[in-house]
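> Would you mind keeping the following structure in view while I ask a few things?
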Amino acid sequence: MNQRPLIIANLIVGADGSTIKNGSSIGLSTPADRKLFHQLREQSTAIVIGGNTARREPYKKTAIPLYIITHSKLRLQPKNQLAKQLNLDPDSALKFILAEIADQPSAQLLIEAGPKLLIELIKTKLVDKLYLTINHALDGENKIDLKQLTADFELIDTRAEDGCEFQIFQLAK
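Positions in the sequence shown are counted from 1; adding 1 to them yields the numbering used here.
So this is what it looks like as C-alpha coordinates:
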(Lines of atoms letter the chains of each structure in order from A and count residues from 1; the text may use other names and numbers.)
(Lines give C-alpha, C1' and ligand atoms only; values in the text may rest on other atoms or scores of the structure.)
Protein backbone atom coordinates (compact mmCIF):
# COMPACT_ATOMS: atom_id res chain seq x y z
CA MET A 1 0.00 0.00 0.00
CA ASN A 2 1.34 3.42 -0.95
CA GLN A 3 1.85 6.07 1.67
CA ARG A 4 -0.15 9.22 1.02
CA PRO A 5 1.78 12.20 -0.32
CA LEU A 6 3.49 14.43 2.23
CA ILE A 7 1.64 17.72 2.79
CA ILE A 8 3.75 20.71 3.78
CA ALA A 9 2.81 24.36 4.23
CA ASN A 10 4.95 27.48 3.98
CA LEU A 11 4.12 30.88 5.47
CA ILE A 12 6.02 34.09 6.19
CA VAL A 13 4.88 36.52 8.87
CA GLY A 14 6.15 39.81 10.21
CA ALA A 15 7.29 40.40 13.78
CA ASP A 16 3.70 41.31 14.70
CA GLY A 17 2.15 38.20 13.09
CA SER A 18 1.25 40.06 9.90
CA THR A 19 0.95 37.99 6.73
CA ILE A 20 1.17 40.76 4.14
CA LYS A 21 2.89 44.11 3.68
CA ASN A 22 1.60 46.52 1.06
CA GLY A 23 -0.93 43.94 -0.12
CA SER A 24 1.41 40.97 -0.64
CA SER A 25 3.48 38.46 1.31
CA ILE A 26 6.43 39.40 -0.92
CA GLY A 27 6.72 42.62 1.12
CA LEU A 28 7.74 40.54 4.17
CA SER A 29 10.19 38.28 2.34
CA THR A 30 14.00 38.34 2.40
CA PRO A 31 16.58 36.64 0.14
CA ALA A 32 16.96 33.79 2.66
CA ASP A 33 13.19 33.31 2.79
CA ARG A 34 12.95 33.32 -1.03
CA LYS A 35 15.68 30.67 -1.15
CA LEU A 36 13.71 28.40 1.22
CA PHE A 37 10.52 29.14 -0.75
CA HIS A 38 12.14 27.99 -4.00
CA GLN A 39 13.72 24.91 -2.37
CA LEU A 40 10.32 23.79 -1.09
CA ARG A 41 8.81 24.32 -4.55
CA GLU A 42 11.58 22.32 -6.23
CA GLN A 43 10.86 19.37 -3.90
CA SER A 44 7.10 19.48 -4.46
CA THR A 45 4.76 17.79 -6.92
CA ALA A 46 1.98 20.39 -6.77
CA ILE A 47 1.08 23.72 -5.11
CA VAL A 48 -2.15 24.69 -3.34
CA ILE A 49 -3.28 28.30 -2.93
CA GLY A 50 -6.56 30.02 -2.13
CA GLY A 51 -8.52 32.57 -4.09
CA ASN A 52 -7.11 35.58 -2.22
CA THR A 53 -3.54 34.40 -2.86
CA ALA A 54 -4.40 33.83 -6.53
CA ARG A 55 -5.63 37.43 -6.79
CA ARG A 56 -2.65 39.00 -4.93
CA GLU A 57 0.42 36.98 -5.87
CA PRO A 58 2.13 36.26 -9.22
CA TYR A 59 1.23 32.67 -10.19
CA LYS A 60 1.04 33.16 -13.97
CA LYS A 61 3.67 30.45 -14.49
CA THR A 62 4.50 27.50 -12.28
CA ALA A 63 6.68 24.52 -13.18
CA ILE A 64 4.31 22.17 -11.35
CA PRO A 65 0.50 21.93 -11.15
CA LEU A 66 -1.24 24.71 -9.23
CA TYR A 67 -4.53 24.04 -7.43
CA ILE A 68 -6.67 27.01 -6.39
CA ILE A 69 -9.25 26.36 -3.66
CA THR A 70 -11.87 29.09 -3.98
CA HIS A 71 -15.57 29.90 -3.96
CA SER A 72 -15.11 32.23 -6.94
CA LYS A 73 -16.56 31.36 -10.33
CA LEU A 74 -14.04 33.64 -12.07
CA ARG A 75 -10.98 31.94 -13.55
CA LEU A 76 -8.28 33.33 -11.22
CA GLN A 77 -5.10 32.32 -13.07
CA PRO A 78 -6.20 32.08 -16.72
CA LYS A 79 -2.65 32.34 -18.12
CA ASN A 80 -1.31 29.44 -16.05
CA GLN A 81 -1.84 26.28 -18.12
CA LEU A 82 -1.10 24.11 -15.06
CA ALA A 83 -3.71 25.80 -12.84
CA LYS A 84 -6.84 23.95 -11.78
CA GLN A 85 -9.55 25.78 -9.85
CA LEU A 86 -11.51 23.78 -7.24
CA ASN A 87 -14.82 24.95 -5.82
CA LEU A 88 -14.72 22.51 -2.89
CA ASP A 89 -14.43 22.74 0.88
CA PRO A 90 -10.78 22.47 2.09
CA ASP A 91 -11.05 18.84 3.26
CA SER A 92 -12.64 17.63 0.00
CA ALA A 93 -10.19 19.69 -2.06
CA LEU A 94 -7.16 18.19 -0.30
CA LYS A 95 -8.49 14.67 -0.79
CA PHE A 96 -9.13 15.38 -4.49
CA ILE A 97 -5.61 16.77 -4.99
CA LEU A 98 -3.99 13.90 -3.07
CA ALA A 99 -5.81 11.40 -5.31
CA GLU A 100 -4.53 13.23 -8.41
CA ILE A 101 -0.86 13.20 -7.34
CA ALA A 102 -0.78 9.93 -5.37
CA ASP A 103 0.64 7.86 -8.24
CA GLN A 104 3.77 10.00 -8.45
CA PRO A 105 6.80 8.65 -6.56
CA SER A 106 7.67 10.70 -3.47
CA ALA A 107 4.74 13.03 -4.11
CA GLN A 108 4.68 16.16 -1.97
CA LEU A 109 1.98 18.81 -1.85
CA LEU A 110 3.03 22.38 -0.98
CA ILE A 111 0.48 24.74 0.53
CA GLU A 112 1.28 28.40 -0.17
CA ALA A 113 -2.16 29.65 0.87
CA GLY A 114 -2.84 32.70 2.96
CA PRO A 115 -3.71 32.44 6.65
CA LYS A 116 -7.48 31.93 6.32
CA LEU A 117 -7.27 28.89 4.05
CA LEU A 118 -4.10 27.62 5.72
CA ILE A 119 -5.84 27.50 9.11
CA GLU A 120 -8.79 25.66 7.52
CA LEU A 121 -6.41 23.15 5.92
CA ILE A 122 -4.52 22.65 9.19
CA LYS A 123 -7.85 21.82 10.88
CA THR A 124 -8.15 18.78 8.57
CA LYS A 125 -5.12 17.30 10.42
CA LEU A 126 -3.62 16.39 7.03
CA VAL A 127 -0.82 19.00 7.02
CA ASP A 128 2.32 17.10 8.04
CA LYS A 129 4.83 19.97 8.29
CA LEU A 130 4.65 23.73 8.59
CA TYR A 131 7.58 25.91 7.53
CA LEU A 132 7.14 29.26 9.27
CA THR A 133 9.40 32.23 8.61
CA ILE A 134 9.19 35.14 11.06
CA ASN A 135 10.70 38.37 9.75
CA HIS A 136 11.63 40.16 12.98
CA ALA A 137 12.50 43.39 11.15
CA LEU A 138 9.10 44.10 9.56
CA ASP A 139 5.46 44.58 10.51
CA GLY A 140 2.52 44.61 8.13
CA GLU A 141 -1.18 43.91 7.80
CA ASN A 142 -3.53 40.93 8.16
CA LYS A 143 -2.24 39.65 11.50
CA ILE A 144 -2.74 36.07 12.71
CA ASP A 145 -2.33 34.30 16.03
CA LEU A 146 0.81 32.16 15.69
CA LYS A 147 -0.07 30.10 18.78
CA GLN A 148 -3.38 29.14 17.15
CA LEU A 149 -1.65 28.40 13.84
CA THR A 150 0.92 26.07 15.42
CA ALA A 151 -1.26 24.56 18.20
CA ASP A 152 -1.40 21.09 16.60
CA PHE A 153 2.31 21.01 15.80
CA GLU A 154 5.59 20.53 17.61
CA LEU A 155 8.67 22.60 16.80
CA ILE A 156 11.38 20.33 15.35
CA ASP A 157 13.91 22.85 14.04
CA THR A 158 14.70 26.55 14.19
CA ARG A 159 17.47 28.75 12.84
CA ALA A 160 18.12 32.45 12.32
CA GLU A 161 19.35 34.12 9.14
CA ASP A 162 18.90 37.40 7.30
CA GLY A 163 16.86 38.98 10.14
CA CYS A 164 14.43 36.06 10.07
CA GLU A 165 13.70 33.07 12.24
CA PHE A 166 13.03 29.90 10.26
CA GLN A 167 10.94 27.37 12.16
CA ILE A 168 9.86 23.89 11.11
CA PHE A 169 6.89 22.31 12.83
CA GLN A 170 5.69 18.73 12.54
CA LEU A 171 2.13 17.58 13.18
CA ALA A 172 2.01 16.31 16.76
CA LYS A 173 1.25 12.61 17.11
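All C-beta atoms in this analysis are idealised placements derived from N, C-alpha and C, irrespective of residue type, glycine included. Just so we're clear, the structure is a prediction, and the values are computed from it rather than from any experiment.
If we count Cβ pairs, one from each stretch, closer than 8 Å, do we get three or more for the region 124 to 137 versus the region 146 to 165?
Short answer: they touch.
> Which residue marks the beginning of the beta strand (DSSP E) containing Gly-51, and which one marks its end?
Run containing Gly-51: 47 to 51, per the beta strand (DSSP E) assignment.
> So, helix, strand or coil for Met-2, using DSSP?
Here the model assigns Met-2 a pLDDT of 40, short of 50, so the residue's position is not dependable and the matter cannot be decided.
> Ordered along the chain, which non-local residues of its own chain (more than five positions away) have a Cβ less than 7 Å from that of Gln-109?
Contacts found: Pro-6, Leu-7, Ile-9, Gln-44, Ser-45, Thr-46.
> With a threshold of 7 Å on Cβ separation, who are the neighbours of Ala-33 within its own chain once the five nearest residues in sequence on each side are excluded?
Glu-162, Asp-163, Cys-165, listed in sequence order.
> So, Ile-48 versus Leu-87, is the Cβ gap smaller than 8 Å?
Not a contact, by the Cβ cut-off of 8 Å.
> Alpha carbon to alpha carbon, what distance is there between Lys-96 and Ser-25?
The alpha-carbon atoms of Ser-25 and Lys-96 are separated by roughly 28 Å.
> Measure the C-alpha to C-alpha separation of Asn-11 and Thr-159 and round it to an integer number of angstroms.
So the two alpha carbons sit approximately 14 Å from each other.
> Can you give, in chain order, each stretch of the alpha helix (DSSP H) that sits fully within the region 77 to 107 and has at least 4 residues?
Counting whole runs of 4 or more residues, the region 77 to 107 contains the alpha helix (DSSP H) stretches 91 to 102.
> Which residues in the same chain as Ile-65 place their Cβ atom closer than 8 Å to its Cβ, once the five residues preceding and following it in sequence are excluded?
So the list reads Arg-42, Ser-45, Thr-46, Ala-47, Ile-48, Leu-83, once near-sequence residues are dropped.
> What are the residues that DSSP puts in a beta bridge with Leu-67?
Note: Leu-67 sits in a beta bridge opposite Ile-48, Ala-84.
> How is Gly-115 classed by DSSP in three states: helix, strand or coil?
Here Gly-115 sits in coil by DSSP.
> Where does Asp-34 sit, in a helix, a strand or coil, going by DSSP?
Helix.
> What is the residue span of the alpha helix (DSSP H) that Leu-12 lies within?
From DSSP, Leu-12 is part of no alpha helix (DSSP H) but of the beta strand (DSSP E) over 7 to 15.
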